[in-house]
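See structure below.
In the numbering used here, the protein residues as written are 103 to 188.
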């Protein structure tokens, strides 16, 4: 199966800290360690922030791709050779 452009870009962000907002309004920030074909994301050393301002820490967390609203990658990704070929 050929990998789509969004998945390729997400895989470029694997060693970096990302911020992910879910459909239920929670924000997660942590190191992206794995992205699956259905956009499921695995973060390590993550912190969650809900709409009430409560925070929780996770050594590892799995976020289901169908529940993600937005993924914010670091600015460094703009320098990726992958983006220069698109």
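Glycine included, every Cβ here is placed at the ideal spot set by N, Cα and C.
Taking C-alpha positions only, residue 149 is separated from residue 115 by approximately 18 angstroms. Between the alpha carbons of residue 106 and residue 167 lies a gap of roughly 15 angstroms. A distance of 9 angstroms or more separates the beta carbons of residue 113 and residue 133. Of the other Cβ atoms in all chains shown, 16 or more fall within 10 Å of the Cβ of residue 122; this residue is therefore buried. One Cα belongs to residue 124, the other to residue 181, and the distance between them is close to 27 angstroms.
Residue burial annotation: residue 174 is exposed, with fewer than 16 other C-beta atoms found within 10 angstroms of its C-beta.
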